[in-house]
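Structure representation (structure tokens):
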């Protein structure tokens with residue numbers, strides 16, 4: 001059971017993320033100062049920096065939250081059967097565990113990253129770090145070589161399926177069930193992609 005202090009901290013964090021994404025979307029990432037952001041939420045910069053390292057981090061929090069949650073779930077998941085199937089299962093369970101408001105936040109955060117070079121660069125760095133964390137964690141549990149191609153390619157294929165699903169995820173009627181549907185479709189298409197022949 002969370003304490004009152006923890007709930008207050010979580011509420012402040014959500015307010016910072018919601019307000020940051022709203023302001024960045026309306027006025028542009030570079031145009032919104034940190035002073036303005038913390039002023040809107042009525043917290044100090046000290047409070048902000050206890051939760052986030054930078055403006056980039058708060059703007060990308062929906063993406064970071066998803067992959068932190070995924071990594072935590074993967075650490076506890078049974079590892080039995082083809083690894084891609086395990087990764088797909090954990091990914092789908094993680095989608096189902098996201099709160100409804102995450103959908104709106106994630107979409108807006110992705111749009112901001114696509115439009116802002118600094119955010120896009122930060123997102124790419126985070127993706128590389130998250131990938132390395134997943135590979136290292138799996139290697140530790142399975143005994144596989146963390147530098148070996150099979151393990152790295154399995155994780156890369158999962159990410160390719162995820163990115164394809166997010167790309168196809170429609171803005172209209174595109175809630176979490178539709179994202180899960182698109183993820184299943186992307187994973188199902190991987191064998192055909194690997195054997196695709198062109199002439």
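Residue numbers (full-length UniProt numbering): 1 to 199.
Ideal placement from N, C-alpha and C gives every residue a C-beta, glycine not left out.
Because the structure is a prediction, the values reported are computed rather than measured.
Endpoints, the alpha helix (DSSP H) within which residue 114 is located | Judged by DSSP secondary structure, residue 114 falls within the alpha helix (DSSP H) whose first and last residues are 101-115.
Contacts around residue 30, its chain only, beta-carbon distance under 6 Å, and the 5 residues preceding and following it disregarded | none
With respect to the alpha helix (DSSP H) encompassing residue 54, which residues constitute its N-terminal and C-terminal limits?
-> Element bounds for residue 54: n/a, residue is neither H nor E.
C-alpha gap between residue 98 and residue 147, whole angstroms | When only Cα atoms are considered, residue 98 and residue 147 end up about 31 Å apart.
Reference residue 118, options 164, 57 and 104, closest by Cα = 57
Which word fits residue 261, buried or exposed, when buried means at least 16 other C-beta atoms lie within 10 angstroms of its C-beta?
-> The question about residue 261 has no answer here: the residues shown for the chain are numbered 1 through 199.
Minimum length 4: unbroken alpha helix (DSSP H) runs contained in the stretch 46-92 = 55-59 and 61-76
Residue closest to residue 84, alpha-carbon to alpha-carbon, out of 183, 157 and 149 | 157
Using three-state DSSP, classify residue 137 as helix, strand or coil.
-> helix
Buried or exposed: residue 10, going by 16 or more other Cβ atoms within 10 Å of its Cβ?
-> exposed
Which residues in the same chain have their Cβ closer than 7 Å to the Cβ of residue 75, if we skip the five residues on either side of it in sequence?
-> 137
How long is the line joining the alpha carbons of residue 159 and residue 132, rounded to whole angstroms?
-> 12 Å
Hey, out of 165, 166 and 92, whose CA is closest to residue 77's CA?
-> 92
Beta-carbon spacing of residue 109, residue 72 below 8 Å = Cβ distance not < 8 Å, so residue 109 and residue 72 don't count as in contact.
Leaving out five residues on either side along the sequence, give the residues of the same chain with a beta carbon under 6 Å from the beta carbon of residue 94.
-> 69, 70 and 73
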